[in-house]
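Chemist: Chains F and Y are the protein sequences, given in the same order. Counted from 1, the first sequence has number 60 at position 60 by full-length UniProt numbering; the numbering is strictly sequential. Counted from 1, the second sequence has number 17 at position 17 by full-length UniProt numbering; the numbering is strictly sequential. Ideal Cβ positions, reconstructed from N, Cα and C, are used throughout, including at glycine. Below: one structure in structure tokens.
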Amino acid sequence: MSQQQMAYIPTEVIFEILLRLPVKSLVKFMSVSKSWLSLLSSPQFINTHLKFSRKNVPHKLVMLAPEQNLSKKCALYSTEKTTVVCVDLDYPVKSPRCIPQFIGSCDGLICLSVENSLVLWNPSTRKWKEIPKQYPHMSQDYYCTYGFGYDKYNDDYKLVLIYSSKIKNSGNEVKVYSLRTNSWKKIKGFVSGYIYSNSGVLVNGIAHWDTRPHNDFSSCYYIVTFDLETEKQGKIDLPSYENEDVHWDLISSRDSLFGFCHCESQGEVDIWVMKEYGVKESWTKFASVAYYVIPGIFYLPLYINEDGDVLLIDGQSLVLFNTRNNMYKDLQVHIPDARFRIDMATYNETLVSPVIDDEDGCNKLW
Amino acid sequence: MASSSSSSKTGLKKMLTLKSSDGDEFELEESIVIQCQTIKHMVEDGFSLIPLQNVDTKTLTKIIEYMKKHAEKTESNKEEIKNFNKEFVKGSFDDQFELVSAANYLHINGLMDLLCQSIADRINNKSVRAVREIFNISNDYTPDEEEKVRDEHKWAHEGGEFDESLD
Numbered sequence: 001m002s003q004q005q006m007a008y009i010p011t012e013v014i015f016e017i018l019l020r021l022p023v024k025s026l027v028k029f030m031s032v033s034k035s036w037l038s039l040l041s042s043p044q045f046i047n048t049h050l051k052f053s054r055k056n057v058p059h060k061l062v063m064l065a066p067e068q069n070l071s072k073k074c075a076l077y078s079t080e081k082t083t084v085v086c087v088d089l090d091y092p093v094k095s096p097r098c099i100p101q102f103i104g105s106c107d108g109l110i111c112l113s114v115e116n117s118l119v120l121w122n123p124s125t126r127k128w129k130e131i132p133k134q135y136p137h138m139s140q141d142y143y144c145t146y147g148f149g150y151d152k153y154n155d156d157y158k159l160v161l162i163y164s165s166k167i168k169n170s171g172n173e174v175k176v177y178s179l180r181t182n183s184w185k186k187i188k189g190f191v192s193g194y195i196y197s198n199s200g201v202l203v204n205g206i207a208h209w210d211t212r213p214h215n216d217f218s219s220c221y222y223i224v225t226f227d228l229e230t231e232k233q234g235k236i237d238l239p240s241y242e243n244e245d246v247h248w249d250l251i252s253s254r255d256s257l258f259g260f261c262h263c264e265s266q267g268e269v270d271i272w273v274m275k276e277y278g279v280k281e282s283w284t285k286f287a288s289v290a291y292y293v294i295p296g297i298f299y300l301p302l303y304i305n306e307d308g309d310v311l312l313i314d315g316q317s318l319v320l321f322n323t324r325n326n327m328y329k330d331l332q333v334h335i336p337d338a339r340f341r342i343d344m345a346t347y348n349e350t351l352v353s354p355v356i357d358d359e360d361g362c363n364k365l366w
Numbered sequence: 001m002a003s004s005s006s007s008s009k010t011g012l013k014k015m016l017t018l019k020s021s022d023g024d025e026f027e028l029e030e031s032i033v034i035q036c037q038t039i040k041h042m043v044e045d046g047f048s049l050i051p052l053q054n055v056d057t058k059t060l061t062k063i064i065e066y067m068k069k070h071a072e073k074t075e076s077n078k079e080e081i082k083n084f085n086k087e088f089v090k091g092s093f094d095d096q097f098e099l100v101s102a103a104n105y106l107h108i109n110g111l112m113d114l115l116c117q118s119i120a121d122r123i124n125n126k127s128v129r130a131v132r133e134i135f136n137i138s139n140d141y142t143p144d145e146e147e148k149v150r151d152e153h154k155w156a157h158e159g160g161e162f163d164e165s166l167d
């Protein structure tokens, strides 16, 4: 940035001011001058902006709710406390023929699976790219699941893909995609068990899947983990339920891992939190809710806020359920079509690009 | 001699002198001035007269006003400080830029944050043209280049009218 242009405002001051603007305004101000464009596109600014927003900007919750009419839009809702804002954004894949599957959200990047394609999308900058294809396993006996997050050590975003065999106790096939290298690699050896959950739940840079042992329908569920940084797998035990027909849902909220244990014979769901990460003894039950109190809890817990209230879908509305007095509050958000799976994740606006420099992206700046 | 009698009058409070680029001197308690990292380091190096060649009298007066107020900060006067801050950022863009540049040079983190956030909030809804004027930036794009960048991010230029005013 030339001194002549900025006669009296040092560049580092401009930098500090711009850090505090929303992403949409930053994109608008790329038109101010070439030097602002290069400042705002520089890795240094993007990284500092990311760190600043992680620290200072309250995270929003986004809800991805596909519309029945899949034409061109995907609704992105954000909820802060109990107010909900709905924003319609142009969907990166212009005319999908099936419902996009939400995989994960991290540092402003959202990972989706659309019609056998995997898409990385920054809804705030509207940049996106398609991740190189991995052809699905030919056998019907395999279930495919994902996990998406950030590897702090390598400053990289990674997508884990697991092919889990429904019947064979042969271990799971695992591949990891790195945004930095834009390539996949195979991971050797992976904890066996049938991983049947939708996508990995990210806590502390580690993806978690609820898992069932092969050929054993007793209640010994456990969690299979994959650390995005070390690329090491692991196992975490869930609280034991003796002789009960239960199944689990995991969710991540505020950097903690929560487990919803559905005890169908009892007609209730127990909500657990892992207070000390990785320590089985620290699983603490903080609520039990009978199905008749609120049927929605049976199928779609989305998020748990700092007061221990559970955000969930009940029919066609989003409700906040207070676990202390069993009361719930309708948040007055219309769910486009509650028959489809709806996902919720924390989201913050960033300039992080899914398109790495030098790559021939479909929507690069220049 | 004079300095020892003055320190006995003010108890154990150590005084420092700040000198603006216009040559005006301001005597202040050390405890107030050390909010400013640059001066704190100079004090640690043994200076008691601190010349600030990049800060004029008008700006320094405002900065001292800020440091004095913030040195009084306690649990009970949060609201008062908040109101003070609100008034403090009300000046023209040019005044705010003078202040923010000085805060940056002096490393007063709280003031830097206050001013940058207030300037950011004020320009958020401005048009590109207004921002060029406010920051005194000449447009170095050719018309073709500018159109290309704008086209690339059309959506960011939509959604209502942007503010063209310069204040």
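1) So F47(Y) and K69(Y) are in contact, right, with Cβ under 8 Å, and what is the actual spacing, rounded?
2) Tell me which residues share the same chain as V246(F) and place their Cβ nearer than 7 Å to its Cβ, disregarding the 5 neighbours each side in the sequence.
3) Answer yes or no: does any C-beta atom of chain Y fall closer than 9 Å to that of L21(F)?
4) Grab the span of the beta strand (DSSP E) containing Q101(F) for me, first residue to last.
5) So the alpha helix (DSSP H) C116(Y) belongs to, where does it begin and stop?
6) With distance defined between alpha-carbon atoms, name the residue in Y150(F), V289(F), N322(F) and S282(F) nearest to G108(F).
7) Under 8 Å by Cβ, that's how I've got Y157(F) and C106(F) pegged, so tell me the actual separation to the nearest angstrom.
8) Are D330(F) and L318(F) closer than 9 Å when you measure CB to CB?
9) Can you list, in chain order, the stretches of the beta strand (DSSP E) that have 3 or more residues and sit fully within the stretch 7-41 of chain Y?
10) Can you tell which of L120(F), R126(F), S124(F) and D141(F) has its C-alpha closest to the C-alpha of K133(F)?
11) Can you name, in chain order, every residue of its own chain whose Cβ lies under 7 Å from the Cβ of P301(F), other than the five neighbours on each side?
12) S256(F): which of F29(F), M274(F) and W209(F) sits nearest, CA to CA?
13) Taking Cβ positions only, does S138(Y) come closer than 9 Å to chain F?
14) Less than 9 Å between CB atoms is the rule here; does R324(F) satisfy it with respect to chain Y?
15) Does the beta-carbon distance from N172(F) to I206(F) come in below 9 Å?
16) Measure the C-alpha to C-alpha separation of A130(Y) and R122(Y) and round it to an integer number of angstroms.
17) Determine the closest residue to E281(F) out of P354(F), I236(F) and G104(F), with distance taken between C-alpha atoms.
18) Can you find the residues in the same chain that come closer than 6 Å, C-beta to C-beta, to A287(F), ignoring five residues on each side of it along the sequence?
19) Determine which residues of the UniProt region "Disordered" (143-167) of chain Y have a Cβ less than 7 Å from any Cβ of chain F, and write them out in chain order.
20) Name the two residues that bound the continuous alpha helix (DSSP H) containing Y66(Y).
21) Cα separation between T225(F) and Y153(F)?
22) Would you decide whether V279(F) is buried or exposed? Buried here means 16 or more other CB atoms lie within 10 Å of its CB.
23) Assess, as a yes-or-no matter, whether the stretch 125-140 of chain Y is touched by the stretch 46-64 of chain F under the definition of 3 or more beta carbon pairs within less than 8 Å.
24) Is S76(Y) close to chain F? Criterion is C-beta to C-beta, closer than 9 Å.
25) Is I63(Y) buried or exposed, if buried means 16 or more other CB atoms sit within 10 Å of its CB?
26) Have a look at S127(Y), E29(Y) and F97(Y) and flag the residue whose alpha-carbon is nearest the alpha-carbon of V55(Y).
27) Where do the ends of the beta strand (DSSP E) carrying A290(F) lie?
28) Span of the alpha helix (DSSP H) holding P143(Y)?
29) Of all Cβ atoms in chain Y, is any one closer than 9 Å to the Cβ of F29(F)?
30) List the residues of chain F whose Cβ lies closer than 8 Å to the Cβ of V131(Y), in chain order.
31) Is the stretch 122-130 of chain F close to the stretch 184-193 of chain F, with three or more CB pairs under 8 Å?
32) Starting from the beta carbon of R254(F), find every residue of chain Y whose beta carbon is closer than 7 Å, and list them in chain order.
33) Taking the alpha carbon of L49(Y) as the reference point, which residue from K19(Y), N124(Y) and M112(Y) has its own alpha carbon closest?
34) What's the call for I356(F), buried or exposed, on a 16-neighbour Cβ count within 10 Å?
35) For E242(F), which of Y221(F), R54(F), N348(F) and F258(F) has the nearest alpha-carbon?
36) Between S92(Y) and chain F, is the shortest Cβ-Cβ distance under 9 Å, so that the two count as touching?
Modeler: Quick answer:
1) On the second sequence, residue 47(Y) is found 47 positions in, with the first residue counted as 1. On the second sequence, residue 69(Y) is found 69 positions in, with the first residue counted as 1. About 24 Å separates the two Cβ atoms, so there is no contact after all.
2) The residue labelled residue 246(F) in the question sits at position 246 within the first sequence. Around V246(F): S219, C261, H262 and C263.
3) For the purposes of this step, residue 21(F) is identified with residue 21 of the first sequence, where counting begins at 1. With 9 Å as the cut-off, L21(F) counts as an interface residue toward chain Y.
4) As a first step, residue 101(F) is located in the first sequence; it is residue number 101 there, counting from the start. That run of the beta strand (DSSP E) goes Q101 to C106.
5) For the purposes of this step, residue 116(Y) is identified with residue 116 of the second sequence, where counting begins at 1. Taken as a continuous stretch (DSSP letters only), the alpha helix (DSSP H) holding C116(Y) covers N109 to I123.
6) Start at 1 with the first residue of the first sequence, and residue 108(F) comes out as number 108. Looking at the Cα atoms, Y150(F) is the closest of the given residues.
7) Stepping through the first sequence from its first residue, residue 157(F) is reached at position 157. Stepping through the first sequence from its first residue, residue 106(F) is reached at position 106. Between C106(F) and Y157(F) the Cβ distance is about 7 Å, and since that is below 8 Å, they are a contact.
8) Taking the first residue of the first sequence as 1, we reach residue 330(F) at position 330. Taking the first residue of the first sequence as 1, we reach residue 318(F) at position 318. It is a contact, given that the beta carbons lie within the stated cut-off.
9) 15-19 and 25-29
10) As a position in the first sequence, residue 133(F) is number 133, starting the count at 1. For the residues L120(F), R126(F), S124(F) and D141(F), the minimum Cα distance to K133(F) belongs to L120(F).
11) Sequence index remark: in the first sequence, residue 301(F) carries index 301 (1-based). Closer than 7 Å at Cβ, skipping near neighbours: D249, I251, F260, V310 and L312.
12) Residue 256(F) sits at position 256 when you count from the first residue of the first sequence. Of the listed residues, the one whose Cα sits closest to S256(F) is M274(F).
13) Position 138 of the second sequence, counted from the start, is the residue given in the question as residue 138(Y). So yes, S138(Y) belongs to the interface.
14) Counted from its first residue, the first sequence places residue 324(F) at position 324. It does not: the Cβ of R324(F) has no partner Cβ on chain Y nearer than 9 Å.
15) The residue you call residue 172(F) lines up with position 172 of the first sequence. The residue you call residue 206(F) lines up with position 206 of the first sequence. No, the pair does not count as a contact, with Cβ atoms beyond the cut-off.
16) Translated into positions along the second sequence, residue 130(Y) becomes position 130. Translated into positions along the second sequence, residue 122(Y) becomes position 122. The alpha-carbon atoms of A130(Y) and R122(Y) are separated by roughly 11 Å.
17) The count along the first sequence starts at 1 and reaches residue 281(F) at position 281. Answer by Cα proximity: I236(F).
18) Numbered from 1 along the first sequence, position 287 holds the residue referred to as residue 287(F). These residues qualify, in order along the chain: I271 and T323.
19) E146, V149, R150, E152, H153, W155, A156 and H157
20) Taking the second sequence and counting its residues from 1, the one referred to as residue 66(Y) is at position 66. It spans T57 to A71 - the alpha helix (DSSP H) in which Y66(Y) sits, taken as one unbroken run.
21) Along the first sequence, read from residue 1 onward, the residue named residue 225(F) stands at position 225. Along the first sequence, read from residue 1 onward, the residue named residue 153(F) stands at position 153. Between T225(F) and Y153(F), the C-alpha separation is close to 18 Å.
22) Counting from one through the first sequence, the residue named residue 279(F) turns up at place 279. When all chains shown are included, V279(F) counts as exposed.
23) no
24) Walking along the second sequence from the start, residue 76(Y) turns up at place 76. Taking Cβ atoms only, chain F never reaches closer than 9 Å to S76(Y), which makes this a no.
25) The residue you call residue 63(Y) lines up with position 63 of the second sequence. Label assigned to I63(Y): buried.
26) Within the second sequence, numbered from 1, the residue matching residue 55(Y) stands at position 55. Ranking the options by Cα distance to V55(Y), first place goes to F97(Y).
27) Position 290 of the first sequence, counting from 1, holds the residue named residue 290(F). W283 to A290 is the span of the beta strand (DSSP E), which, as asked, contains A290(F).
28) Working through the second sequence from its first residue, we reach residue 143(Y) at position 143. Taken as a continuous stretch (DSSP letters only), the alpha helix (DSSP H) holding P143(Y) covers P143 to E152.
29) Locating residue 29(F) in the first sequence gives position 29, where the first residue counts as 1. Yes, F29(F) counts as interfacial toward chain Y.
30) Locating residue 131(Y) in the second sequence gives position 131, where the first residue counts as 1. Chain F residues near V131(Y): F29 and V32.
31) no
32) For this step, residue 254(F) is matched to residue 254 along the first sequence. Correct list: empty, because the minimum Cβ distance to chain Y is about 25 Å.
33) For the purposes of this step, residue 49(Y) is taken as the residue at position 49 of the second sequence. The option with the nearest alpha carbon to L49(Y) is K19(Y).
34) Within the first sequence, residue 356(F) is the residue found at index 356, counting from 1. Label assigned to I356(F): exposed.
35) Looking up residue 242(F) in the first sequence gives position 242. That would be Y221(F), whose Cα lies nearest to the Cα of E242(F).
36) For the purposes of this step, residue 92(Y) is identified with residue 92 of the second sequence, where counting begins at 1. No - not a single Cβ of chain F is within 9 Å of the one on S92(Y).
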